[in-house]
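Trainee: First to last, the protein sequences are chains R and S.
Just add 27 to the spot in the first sequence (first one is 1) and you have this note's numbering.
Just add 27 to the spot in the second sequence (first one is 1) and you have this note's numbering.
Ideal Cβ placement from N, Cα and C applies to all residues, glycine included.
Computed from a predicted structure; not experimentally measured.
2 protein chains.
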Amino acid sequence: MSRLRVESFTISLDGFGAGPRQDLDNPLGVGGTALHAWAFSTRTFQRAVFGGDGGATGTIDDDFAARGFTNVGAWILGRNMFGPVRGPWPDENWRGWWGENPVYHVPVFVLTHHPRAPLVMEGGTTFHFVTDGMAAAVARAREAANGKDVRLGGGVNVIRQGLRLRLIDEMHVAIAPVLLGSGERLFEGIDLPSLGYAVTRHVASPLAIHVVIARQPAR
Amino acid sequence: MSRLRVESFTISLDGFGAGPRQDLDNPLGVGGTALHAWAFSTRTFQRAVFGGDGGATGTIDDDFAARGFTNVGAWILGRNMFGPVRGPWPDENWRGWWGENPVYHVPVFVLTHHPRAPLVMEGGTTFHFVTDGMAAAVARAREAANGKDVRLGGGVNVIRQGLRLRLIDEMHVAIAPVLLGSGERLFEGIDLPSLGYAVTRHVASPLAIHVVIARQPAR
Chain R
28 MSRLRVESFT ISLDGFGAGP RQDLDNPLGV GGTALHAWAF STRTFQRAVF GGDGGATGTI
88 DDDFAARGFT NVGAWILGRN MFGPVRGPWP DENWRGWWGE NPVYHVPVFV LTHHPRAPLV
148 MEGGTTFHFV TDGMAAAVAR AREAANGKDV RLGGGVNVIR QGLRLRLIDE MHVAIAPVLL
208 GSGERLFEGI DLPSLGYAVT RHVASPLAIH VVIARQPAR
Chain S
28 MSRLRVESFT ISLDGFGAGP RQDLDNPLGV GGTALHAWAF STRTFQRAVF GGDGGATGTI
88 DDDFAARGFT NVGAWILGRN MFGPVRGPWP DENWRGWWGE NPVYHVPVFV LTHHPRAPLV
148 MEGGTTFHFV TDGMAAAVAR AREAANGKDV RLGGGVNVIR QGLRLRLIDE MHVAIAPVLL
208 GSGERLFEGI DLPSLGYAVT RHVASPLAIH VVIARQPAR
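#1: So, with DSSP's three-state summary, where would you put Phe109 (chain S)?
#2: Per the DSSP calculation, Met198 (chain S) is bridged to which residue(s)?
#3: Around the Cβ of Met28 (chain R), are there at least 16 other Cβ atoms within 10 angstroms (buried) or fewer (exposed)?
#4: For Arg178 (chain S), does the three-state DSSP call read helix, strand or coil?
#5: List the DSSP bridge partners of Pro134 (chain R).
#6: Should Phe226 (chain S) be flagged as near chain R, meaning a C-beta pair shorter than 7 Å?
#7: What residues of chain A sit near Ser68 (chain R), judged by a beta carbon separation below 7 Å?
#8: Per DSSP, what kind of secondary structure is Ile217 (chain R) in: helix, strand or coil?
#9: Which one of R:Ser221, R:Val205, R:Pro244, R:Ala162 has the shortest CA to CA distance from Arg228 (chain S)?
#10: Does chain R have any CB closer than 7 Å to the CB of Gly44 (chain S)?
#11: For the putative contact between Thr153 (chain R) and Leu146 (chain R), defined by C-beta atoms under 8 Å, what is the C-beta separation to the nearest angstrom?
#12: Does any residue of chain R have a CB that is nearer than 7 Å to the CB of His199 (chain S)?
#13: Whole angstroms are fine: how far does the CA of Arg143 (chain S) sit from the CA of Ile116 (chain S)?
#14: If we ignore side chains and look at the alpha-carbon of each, how far apart do Ala137 (chain S) and Val165 (chain S) end up?
#15: Against chain R, does Pro220 (chain S) count as a neighbour if the rule is that its beta carbon must be under 7 Å from one of theirs?
#16: Gly44 (chain S) lies in the alpha helix (DSSP H); which residues open and close that run?
#17: Would you kindly work out how many angstroms separate the C-alpha atoms of Trp125 (chain S) and Phe77 (chain S), rounded to a whole number?
#18: Where does the unbroken beta strand (DSSP E) through Arg228 (chain S) begin, and where does it stop?
#19: Can you pull the chain S neighbours of Val130 (chain R), defined as C-beta to C-beta under 7 Å?
#20: On the DSSP bridge assignment, give the partners of Ser39 (chain R) in chain order.
#21: Which of the three DSSP states, helix, strand or coil, is assigned to Thr71 (chain R)?
#22: Using 8 Å as the cut-off, can you tell me whether the segment 238-246 of chain R makes contact with the segment 195-211 of chain R, which would need three or more C-beta pairs spanning the two stretches below that distance?
#23: Locate the alpha helix (DSSP H) running through Gly189 (chain R), then write down its first and last residues.
#24: At the level of alpha carbons, what is the spacing between Gly189 (chain S) and Arg169 (chain S)?
#25: Would DSSP call Asn169 (chain S) helix, strand or coil?
#26: Can the beta-carbon of Gly42 (chain R) be found closer than 7 Å to that of Arg212 (chain R)?
#27: State the beta-bridge partners of Ala83 (chain S) as determined by DSSP.
#28: Distance, Cα to Cα, His141 (chain R) vs His63 (chain R)?
#29: Is the shortest distance between the beta-carbon of Phe214 (chain R) and the beta-carbons of chain S less than 7 Å?
#30: In terms of alpha-carbon separation, which member of S:Ala163, S:His132, S:Gly114 lies closest to Gly150 (chain S)?
#31: For the ligand ATP, is there a heavy atom less than 6 Å away from the beta-carbon of Tyr131 (chain R)?
#32: Classify Ala101 (chain R) as helix, strand or coil using the three-state DSSP reduction.
#33: Could you check whether Ala101 (chain R) and Val177 (chain R) sit closer than 7 Å to each other, using their CB atoms as the reference points?
#34: Taking 7 Å as the threshold (C-beta atoms), are Ile87 (chain R) and Val238 (chain R) in contact?
#35: Going along chain S in order, which residues have a C-beta closer than 7 Å to the C-beta of Ser209 (chain R)?
#36: Flag this pair as yes or no: are the beta carbons of Asp89 (chain R) and Arg74 (chain R) separated by less than 7 Å?
As structure tokens, this is what we get:
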């Protein structure tokens, strides 16, 4: 069955999924890049993002990074993950953070309140802009994934929606051993046990603490 | 130099230091005892609390439990850690959760808004009730500790005060791989990097993720 998965979503030890004050120079907010040292250390991430052969294999970090790209047939992103533009799209100029050949290579559904025509990129990625909400995006992504899973990339707000609606099947969260102090808290205002979620795995690497949270079968 | 330390303070993965609805049957709030499975597994805790020889030694968990009792000359507790009584003390009947020979064996300073005479227990523990605030409690505890460190037991509210006042030198936090969903959040409304704190260590055991946060020297 096609599952909705969050993978490699990283928060700080004090619970923040992104630093404050996102802009062009700081797509993850100020201090946000320190969160991702574990991902940068991996061959999987280096290959996917930079196309190079840097990074380590066979590590806990690389194993988690790699599982995030396994059996993924479509992605869902919140609009702020797609870019820094807010409000109605002023033009078609913004085409994502990732250049003309984005890292996804599958259909990507971007949640936004503002309609925009699909954006066909190189390498198999097409950005579709979904204006009718989370559940609709999941339905469309599932269809596009054609039997594979759907990966929900984030950010914090979109993941919280997915949890509140109990749409997320499994979530890998990496907790980086850094403190951000402010920003968006992943678990703010969410009662995960009441929603039926439980921790199913935890393991630490030198650069992060990896945790898997899964929706439990209804009793 | 005598330091103010938090040790073995356990929070859930979603950030709660105690479960909701503390009462006589649930001194740690509903669900709060699941947090402490790592501590119950240790020889140090079994010996300190039950006087028995159960529990494991040589584990990551026991090492952290043991460091919490090393070089401690006095304790500070928030009133809710001392007991479930709220408001003015109705009488002298409540003598703590720990029986006549409490686990502390040194002077313990209980923060409260309501004065009460010191309570001399067996085994070296005396409870002193401090009504003039956190900084005063730290000063008195430091004097009583006679060169040793002061351990700040909690709860959440008292630790937050200690962090905001930059009084805490070092803090060992255990993150249990459980979700509580509601309760008191340890890091709520605290900007640790701005206060000069940083993560200095993290390691995971099968039962918890151990993290050390320390105040950095002023630059």
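Mentor: To lay it out plainly:
#1: Correct three-state label for Phe109 (chain S): helix.
#2: BP columns for Met198 (chain S) point to S:Val33, S:Ile240.
#3: Exposed, since its Cβ has fewer than 16 Cβ neighbours within 10 Å.
#4: Note: Arg178 (chain S) maps to strand in three-state DSSP.
#5: Listed as beta-bridge partners of Pro134 (chain R) by DSSP are R:Thr153.
#6: The amino acid at residue 226 (chain S) is misidentified as Phe; the sequence shows Val. Interface flag for Val226 (chain S) against chain R is set, since a Cβ pair is found closer than 7 Å.
#7: Any reference to chain A falls outside this structure, whose protein chains are R and S.
#8: Residue state, collapsed to three classes: coil.
#9: Taking only the C-alpha atoms, the option nearest Arg228 (chain S) is R:Val205.
#10: Cβ-Cβ to chain R under 7 Å: no for Gly44 (chain S).
#11: So it is a contact: roughly 7 Å between Cβ atoms.
#12: It does not; no Cβ of chain R falls within 7 Å.
#13: Sequence check: residue 116 (chain S) is Trp here, not Ile. Rounded to whole angstroms, the gap between the alpha carbons of Trp116 (chain S) and Arg143 (chain S) is 7 Å.
#14: Reading off the sequence, residue 137 (chain S) comes out as Val, not Ala. Cα-Cα distance, rounded: 11 Å.
#15: Taking Cβ atoms only, chain R reaches closer than 7 Å to Pro220 (chain S), which makes this a yes.
#16: Note, Gly44 (chain S): premise wrong, no alpha helix (DSSP H); beta strand (DSSP E) at 43-45.
#17: Cα-Cα distance, rounded: 10 Å.
#18: Where Arg228 (chain S) is concerned, the enclosing beta strand (DSSP E) stretches over 224-231.
#19: Contacts between Val130 (chain R) and chain S, judged by CB atoms closer than 7 Å, are missing: the closest CB pair is about 28 Å apart.
#20: Its beta-bridge partners are R:Ala203.
#21: Looking at Thr71 (chain R) - three-state DSSP - the assignment turns out to be helix.
#22: By the Cβ criterion, the segment 238-246 of chain R is in contact with the segment 195-211 of chain R, since at least three pairs of Cβ atoms, one from each stretch, lie closer than 8 Å.
#23: 183-191 is the extent of the alpha helix (DSSP H) around Gly189 (chain R).
#24: Cα to Cα, the separation comes out at about 14 Å.
#25: In the sequence as presented, Asn is not what sits at residue 169 (chain S); that position holds Arg. It is helical.
#26: With a cutoff of 7 Å on beta-carbon distance, Gly42 (chain R) and Arg212 (chain R) are scored as near each other.
#27: Under the DSSP definition of a beta bridge, Ala83 (chain S) partners with S:Thr69.
#28: Distance between the alpha carbons of His141 (chain R) and His63 (chain R) is about 30 Å.
#29: For Phe214 (chain R), the nearest CB of chain S lies under 7 Å from its own CB, placing it at the interface with that chain.
#30: Comparing Cα positions, the closest option is S:His132.
#31: Because no ligand of any kind appears in the structure shown, any question about the ligand ATP cannot be addressed here.
#32: Strand, per DSSP.
#33: In terms of Cβ geometry, Val177 (chain R) and Ala101 (chain R) form a close pair [threshold 7 Å].
#34: Not closer than 7 Å, so no.
#35: Going along chain S in sequence order, the residues near Ser209 (chain R) (Cβ under 7 Å) are Asp218.
#36: The answer is no: Cβ separation not under 7 Å.
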